[in-house]
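Participant:
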Amino acid sequence: MPDEPKGLRLVWSGHTDRGRVRKNNEDSFLGLAVDAQEVHHLGKIGDAGGERSDFVFAVSDGMGGAMAGEFASRIVVDKITKMLPPLFKQSATGISAGYTEVLEELFDKIHKALMYLGACYEECSGMGATLSLCWFTGQWMYFGHIGDSRIYYLPAGGGVKQITHDHTHVGWLFRRGDLNEREAKNHPRRNMLQAVLGAGHQFVDPQVGAVGFESGDRFLLCTDGVTDAIYNDQLPEILGAGDDQAEFLVREAVQRSGRDNATAMIIRAAC
Numbered sequence: 000m001p002d003e004p005k006g007l008r009l010v011w012s013g014h015t016d017r018g019r020v021r022k023n024n025e026d027s028f029l030g031l032a033v034d035a036q037e038v039h040h041l042g043k044i045g046d047a048g049g050e051r052s053d054f055v056f057a058v059s060d061g062m063g064g065a066m067a068g069e070f071a072s073r074i075v076v077d078k079i080t081k082m083l084p085p086l087f088k089q090s091a092t093g094i095s096a097g098y099t100e101v102l103e104e105l106f107d108k109i110h111k112a113l114m115y116l117g118a119c120y121e122e123c124s125g126m127g128a129t130l131s132l133c134w135f136t137g138q139w140m141y142f143g144h145i146g147d148s149r150i151y152y153l154p155a156g157g158g159v160k161q162i163t164h165d166h167t168h169v170g171w172l173f174r175r176g177d178l179n180e181r182e183a184k185n186h187p188r189r190n191m192l193q194a195v196l197g198a199g200h201q202f203v204d205p206q207v208g209a210v211g212f213e214s215g216d217r218f219l220l221c222t223d224g225v226t227d228a229i230y231n232d233q234l235p236e237i238l239g240a241g242d243d244q245a246e247f248l249v250r251e252a253v254q255r256s257g258r259d260n261a262t263a264m265i266i267r268a269a270c
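For what it's worth, numbering that gives the first Met the number 0 labels the leading residue of the sequence shown as 0, then goes sequentially.
#1: Closest to R188 by CA distance: which of L130, W134, T167, S214 is it?
#2: When burial is assigned at 16 or more other CB atoms within 10 Å of the CB, is C119 buried or exposed?
#3: What are the start and end residues of the beta strand (DSSP E) that includes N140?
#4: Using a Cβ-Cβ cut-off of 6 Å (strictly less than) and excluding sequence neighbours within five positions of M62, which residues of its own chain qualify?
#5: How about L276 and L86: are their beta carbons less than 8 Å apart?
#6: Would you mind working out which of G146, K184, D53 sits nearest L9, comparing C-alpha positions?
#7: Which stretch, first to last residue, makes up the alpha helix (DSSP H) that contains I109?
#8: Is the distance from the Cβ of V38 to the Cβ of T99 below 8 Å?
#9: For the alpha helix (DSSP H) containing H168, list its first residue and its last residue.
#10: Hey, how far is the Cα of L178 from the Cα of E50?
#11: From this set, C270, A269, R267, D227, which residue's C-alpha is nearest E251's C-alpha?
#12: Mapping DSSP to helix, strand and coil, what is M66?
#13: DSSP on P4, reduced to helix/strand/coil?
#14: Identify, in the order they occur along the chain, each residue of the same chain with its Cβ nearer than 6 Å to the Cβ of N260, setting aside the five sequence neighbours on each side.
#15: Between the Cα of H186 and the Cα atoms of V195, F173, G197, which residue gives the shortest distance?
#16: For the region 172 to 215, list the beta strand (DSSP E) runs that are entirely contained and at least 3 residues long, ordered along the chain.
#17: Which partner residues does M264 have in the DSSP bridge list?
#18: With DSSP as the reference, label K43 as helix, strand or coil.
#19: Nearest by alpha-carbon distance to T222: which of P205, A245, G215 is it?
#20: Who are the near neighbours of D216 in its chain, counting only those whose CB is closer than 6 Å to its CB and skipping five residues on each side?
#21: Does P76 come out as helix, strand or coil in the three-state DSSP assignment?
#22: Leaving aside the five residues before and after V249 along the sequence, list all residues of the same chain whose C-beta is less than 6 Å from its C-beta, in chain order.
#23: Tell me where the beta strand (DSSP E) around R250 begins and ends.
#24: Drop a sphere of 10 angstroms on the beta-carbon of I152, count the other beta-carbons inside from all chains shown, and report buried for 16 or more, exposed for fewer.
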């Protein structure tokens with residue numbers, strides 16, 4: 000009998016810090032193993048594999064007055080946990096068939112939940128959140144994104160690529176080549192979001208896409224508190240070759256800046 004194909008196996012780490020200025024942490028992160036029947040929460044550090052499970056990782060940066068920002072990012076990760084199994088089951092062959100529609104529906108449902116709470120409770124008025132989400136299945140990573148948190152791809156052979164767009168005017172100017180990375184980081188309007196979940200926006204149009212990966216490739220999800228003082232081309236050197244580097248990266252970001260909450264998740268393919 001031929002050997003059965005090996006299932007997906009991932010190694011990950013996640014860490015968050017409120018920074019040196021903010022009084023509370025408005026960031027949240029999440030790791031899940033998911034199938035059509037249930038979800039399993041993953042720890043901050045670990046490794047897992049499975050032929051029937053997919054893996055989902057996400058970071059979210061909340062915003063709003065008082066405690067609304069902290070509440071918003073927690074709602075986002077809670078909604079992901081509750082909404083994924085039914086959406087997963089709707090697809091006859093899993094996420095690989097129609098992942099765009101599944102991710103767009105997920106983002107739309109979370110957006111509507113935040114809008115509803117913002118309309119019903121005065122203390123939640125105007126609250127919103129970014130969301131950067133990676134869904135690993137087979138040899139593909141499907142992603143959905145809105146806001147200015149980021150997803151990076153670090154191939155095993157070296158280099159780094161930011162695969163998400165910052166949904167800001169400054170991010171647009173950077174992609175056009177009108178600003179270099181240093182100018183973008185220091186621009187006075189760098190944090191003014193043009194697209195986000197909730198926050199009074201009528202519609203959401205998340206960026207969705209897919210990246211094929213091989214064993215040894217890594218992905219980084221992080222909030223803007225991490226990239227505030229760390230440049231893209233510095234990431235491979237800071238991360239090195241270790242698996243449990245999320246805490247080190249976050250601590251480095253806080254030491255260099257610390258003006259905002261900082262959160263990172265690093266996932267390495269070990270398939």
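All C-beta atoms, glycine included, are put in the ideal place defined by N, C-alpha and C.
Owing to the predicted nature of the structure, the values given are computational and were not obtained by experimental measurement.
Facilitator: Taking the geometry as given:
#1: T167
#2: exposed
#3: It is worth fixing the name first, because residue 140 is Met in this sequence and not Asn. First-last of the beta strand (DSSP E) with M140: 139 to 145.
#4: Cβ neighbours of M62 beyond the five flanking positions: G68, G127.
#5: The structure shown does not extend to residue 276, since the chain is modelled only from 0 to 270, so the question has no answer here.
#6: D53
#7: 98 to 119
#8: no
#9: 168 to 175
#10: 45 Å
#11: D227
#12: coil
#13: Because P4 sits at a pLDDT of 42, beneath the cut-off of 50, its placement in the model cannot be relied upon, and the point is left open.
#14: R17, G18, R21, N24, E25, D26, G224
#15: F173
#16: 206 to 211
#17: G13, L220
#18: Coil, per DSSP.
#19: Of the candidates P205, A245, G215, A245 places its Cα closest to the Cα of T222.
#20: Only residues of its own chain outside the window of five on either side were considered, and among them P154, A155, A268 have a CB closer than 6 Å to the CB of D216, listed in chain order.
#21: As written in the sequence, residue 76 is Val, which differs from the Pro given in the question. Of the three classes helix, strand and coil, the one that applies to V76 here is helix, per DSSP.
#22: H14, D16, A261, A263
#23: No beta strand (DSSP E) holds R250; the alpha helix (DSSP H) holding it covers 245 to 255.
#24: In the sequence as presented, Ile is not what sits at residue 152; that position holds Tyr. Buried, because 16 or more other Cβ atoms sit within 10 Å of the Cβ of Y152.
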